[in-house]
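Just so we're aligned: the sequence shown equals residues 1 to 212 in UniProt numbering.
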Amino acid sequence: MAARSRGDPSAALSPDWAAWSREAAGRAADGWPAMVEELRALQDAAAGAVPPADAVREASVLLARARELLERHRGAAADQIFGRLLELPGRGQTLSPPLWITRHADDEITATTWFGPFHAGSHGAVHGGAVSLMFDDALGRVADLGGRPRSRTAYLHVDFRGITPLRRRLAVRVRMSGQEGRKRYLQGMLHDGPRLCAEATALFVEMRPGQQ
Numbered sequence: 001m002a003a004r005s006r007g008d009p010s011a012a013l014s015p016d017w018a019a020w021s022r023e024a025a026g027r028a029a030d031g032w033p034a035m036v037e038e039l040r041a042l043q044d045a046a047a048g049a050v051p052p053a054d055a056v057r058e059a060s061v062l063l064a065r066a067r068e069l070l071e072r073h074r075g076a077a078a079d080q081i082f083g084r085l086l087e088l089p090g091r092g093q094t095l096s097p098p099l100w101i102t103r104h105a106d107d108e109i110t111a112t113t114w115f116g117p118f119h120a121g122s123h124g125a126v127h128g129g130a131v132s133l134m135f136d137d138a139l140g141r142v143a144d145l146g147g148r149p150r151s152r153t154a155y156l157h158v159d160f161r162g163i164t165p166l167r168r169r170l171a172v173r174v175r176m177s178g179q180e181g182r183k184r185y186l187q188g189m190l191h192d193g194p195r196l197c198a199e200a201t202a203l204f205v206e207m208r209p210g211q212q
């Protein structure tokens, strides 16, 4: 199927993922995405800061206050919002790097991503685990597109071809390369301009009826 430009973000989600996202959105209070983006920015600020003792003490007090405020409203796991607003670039969470999908088809997406200091490894490079996490998220989206039933990651292999830089918009392309029964084979690439940073191969397996 021909690639389509980005329009309705839900069009780049499988029906199951879109329904899951709508259910979570119905539970999210106004301002949730903005709160999560503040948390993402806070993580990057903490990772990149060398603050004096008085700033550490003040920040600790403010963080404890925010934690106490949110803990008053702890919900059941089934009602979780964090990570389930799948129509947002960051899915309404701060663990995985955000994905801005630019084009999609039933077997492929192109997108951009961005890694901040929170995902840093050493010497100004993105941590390899963060790159793998991004690939798992992006490949999982494609595995379930085109009306395909839900699947889970069975295997993910990442080859690091060069340094993945921080604080830069990077290009992501993932596609499904084949299918055998319940097995779905996928490939992904991460580029900084023309330079290949990493590539991935993965196997996703379709879930049986009743599996979670």
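Cβ atoms here follow ideal geometry from the backbone N, Cα and C, with glycine treated the same way. Nothing here was measured: the structure is a model prediction, and the numbers come from that model.
- Between the stretch 65–74 and the stretch 101–115, the count of C-beta pairs closer than 8 angstroms stays below three; the two stretches do not touch.
- In the assembly as shown, Val142 is a buried residue. Its beta-carbon has 16 or more other beta-carbons within 10 Å.
- In this structure, Ala202 keeps its C-beta atom at 8 angstroms or more from the C-beta atom of Leu190.
- Pairing Gly129 with Pro165, the inter-Cα distance amounts to about 14 angstroms.
- Residue state for Ala29 is assigned as coil, using DSSP reduced to three classes.
- Residue pairing from DSSP leaves Glu58 without any beta-bridge partner.
- Contact between Val174 and Gln187 holds: CB atoms are separated by about 7 angstroms, below the 8 angstroms threshold.
- Considering only Arg67, Arg27, Arg161 and Ser60, the residue with the shortest C-alpha distance to Pro194 is Arg161.
- Secondary structure note for Arg175: its beta strand (DSSP E) is the uninterrupted segment Leu170 to Glu180.
- In this structure, Ala120 is the residue among Ile81, Ala120 and Pro98 with its C-alpha nearest to the C-alpha of Asp44.
- For Met207, the three-state secondary structure derived from DSSP is coil.
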